[in-house]
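Numbering (the working numbering), first residue to last: 282 to 831.
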Amino acid sequence: MLDSAPTPKRWRVLPPAPPDVLRRLNAYHPILAQVLYNRGQDTPEKAHAFLLGGDAALHNPFSMSGMAQAVERIRRAIKRGEKIVVYGDFDADGVTSTALLTQVIEALGGSVRPYIPDRVDEGYGLNLDALRRLVEDGVRLVVTVDCGIRSTDEVTYATELGLDMIVTDHHSVGDQIPGALAVLNPKIDQKIRLENGKSNVYPEEMLAGVGVAYKLADALMRVVQAQDRQQVNLKLEDLLDLVALGTVADLAPLDRAENRELVRRGLEVLNRAQRPGIYELLQVARVEPGRINTTSIGFMLGPRINAAGRLDSAMIAYQLLSTRDITMAGQLAQQLQDLNLRRQTLTLEAVEIARGRALVGQSDDLPLIFDAGPEYLPGIVGLVAGRLCEEFYRPAVVVELGETESRGSARSIPEFDITQALDQCADLLVRHGGHAQAAGFTVRNENLPALQDHLMKCASEALEGRDLRPALDVDAEIPLDLLTMELAQHFQLLEPWGFKNEQPTLATRRLRVLECKRVGQEGKHLRFRLSNGFYQIDAIGFKQGDWAER
């Protein structure tokens, strides 16, 4: 059976920056210069843009394919008083996207309402029954956010019903693009750039769903204010709190200049806590206004927003982000707090079930973890897959068994593209989509065995001969005496931290552990003291308490 004891990571010390790069970056502390080089910022111009950002990092929204058509159709719908629906997703990225675009269209005078599907009854993405009901309600225009790029059949069906469809999304693009009136997805622009060599397309393909929604809002407000001379009681920058929330919670990479700038500005708005819902969410999460950072979003705010769609209705989170009533905001925030506590308990129980059932009798060379059962809730299968993937460093697939169809969630390691593997067996699936390391799918039950066999085979071929231990990228090896608060202050220039821009990892060798002990709730963490014979340093290892007995 796979060993769940802590596994030593592979130290992967990144190559030192060439002397000419260090000379070019001599305005910075040498170790900071090394980290900048590791992040791909090897010239003064790149380093300046990475560290300080500015307007140049924010690209023209009209360079995104389909933007002009989308803006014109929404503008026309607003002028005519047509009913508009913003159709979102139930995770934090989808909820913030829905709140953002609905708020903008409403501020411009549009007749708009949100629609976020129920995770259990409707599932991810466009739903045929939902589209039919919208038509019956007199809706003329549907704008998707954070979903729709794989919903080709559903978009065709909606068009046949008389709906105009605009798809905005950021997930990976399939073989077919939905036949919507306009499709906004920066990954389409990337595809155009690679296949046709065009340079006049949108340059940043790694926006979150809320980032794409923000670019649409930006373009729409520009046109309405410039051409219609309409005064709008909304500032574009006031939407950036939602952009920061969704971008960080969805793990959009923060080594990209535009994401960094959006999050940097969004954190400033978040820390003003001007939305009643944000203020009350901070209270229940015990985060002090003015001290919100990306860690606060990733570990405190994001999980509570996500909890609504996982265990109840994502509309609770939407209402929290949209309400102007402080009393209602407090009630909604407490609902999210209660749901999040329940989510934590259910996840722990489900992980134990999966660990006991999927791994019994399996050898250490198991290429992929796969488990299916009726006891899983659809809102936590992704969390369970993520825990298994992290614990055993294998791709993990967890499926909630339904009566005729089942829904699964997959999490993967950098060495294996799980969405690509699902693409290769699309004929077995009802629908699927996602990213290289995270995906979701719906499958008919009779196809489950074939799906498991296919994914096992794909993982086995891709991972054969690989060293399946998590890698720890070390930015630099330095002597112990250089680990100072001064260096830590230099590193603060690299914020905002996040996916693809983690806090720097430094290594120092030939140290003695003078003492160590478990600390924290249930002894999960490790506190210890290190010495090289001349200097001593106190340290803490989060979630590394098991090493105390080794």
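Yeah, the Cβ is synthetic: ideal placement off N, Cα and C, and Gly gets one too.
Keep in mind it's a predicted model, so treat the numbers as computed, not measured.
Please report how far the alpha carbon of residue i lies from the alpha carbon of residue j, in whole angstroms.
i	j	result
Ala702	Asp336	39 Å
Asp399	Ala530	20 Å
Lys290	Leu753	6 Å
His310	Leu523	34 Å
Leu709	Gly654	19 Å
Gly362	Gly419	12 Å
Lys360	Leu601	29 Å
Asn481	Asn574	34 Å
Thr604	Leu563	15 Å
Val662	Ser453	21 Å
Leu732	Cys706	7 Å
Lys364	Leu488	28 Å
Ser812	Leu787	16 Å
Gly558	Arg304	48 Å
Ala498	Leu520	9 Å
Gln315	Asp762	18 Å
Gly721	Phe651	14 Å
Pro297	Leu313	12 Å
Would a C-beta distance cut-off of 8 Å place residue i and residue j closer than the cut-off?
i	j	result
Asn319	Asp756	yes
Asn782	Asp536	yes
Leu501	Arg356	yes
Leu462	Arg354	yes
Val436	Val366	no
Thr449	Leu465	yes
Pro648	Ser741	yes
Tyr657	Ala631	yes
Val568	Ser577	yes
Thr723	Val711	yes
Tyr560	Leu381	no
Measure from the alpha carbon of residue i to the alpha carbon of each residue in the options, then state which is nearest.
i	options	result
Gly714	Ile650, Gly406 and Lys781	Gly406
Ile818	Arg799, Glu776 and Pro760	Pro760
Glu681	Gly689, Arg675 and Ile607	Gly689
Gly571	Gly746, Leu551 and Leu562	Leu551
Leu582	Thr608, Pro676, Gln618 and Met596	Gln618
Leu613	Ile634, Ile586, Tyr396 and Gly492	Ile586
Lys468	Asp427, Ile559 and Thr440	Asp427
Thr789	Glu767, Ala820, Val711 and Ala498	Ala820
Phe371	Ala388, Val393, Leu389 and Asp402	Asp402
Ala610	Leu543, Ile597 and Ala388	Ile597
His451	Thr626, Ser346, Leu775 and Val711	Ser346
Val513	Cys670, Asn726, Gly390 and Leu295	Gly390
Ser839	Ile397, Val493 and Ala330	Nothing about residue 839 can be reported from this structure: the residues present for the chain run from 282 to 831 only.
Gln825	Gly801, Asp646 and Pro730	Gly801
Measuring from the CB of residue i, is there a heavy atom of the ligand ADP at a distance below 7 Å?
i	result
Arg556	This structure lacks the ligand ADP, and indeed carries no ligand of any kind.
Excluding the 5 residues flanking residue i on each side, which residues of the same chain have their C-beta closer than 8 Å to its C-beta?
i	result
Ala829	Cys797, Lys798, Arg799, Gly804 and Leu807
Tyr674	Thr288, Ile694, Leu749, Arg750 and Pro751
Apart from the five residues just before and just after residue i, which ones in its own chain have a Cβ nearer than 7 Å to its Cβ?
i	result
His340	Tyr483, Pro484, Glu485 and Glu539
Arg545	Gly334 and Pro777
Lys472	Val454
Asp593	Leu620
Ala588	Leu617, Leu620, Asn621 and Arg624
Can you list, in chain order, the residues of its chain whose CB lies under 6 Å from that of residue i, leaving out five sequence neighbours each side?
i	result
Asp698	Ala717
Thr377	Val491, Leu523, Leu526 and Gly527
Gly579	Val529
Leu795	Arg810 and Ser812
Gln322	Ala328 and Phe331
Tyr396	Val366 and Tyr368
Going by DSSP, what residues sit across from residue i in a beta bridge?
i	result
Glu745	Paired residues: none, contrary to the question.
His713	Phe722
Trp292	Leu753
Ile821	Arg808
Ser453	In the DSSP output, where bridge partners are listed per residue, Ser453 has none listed.
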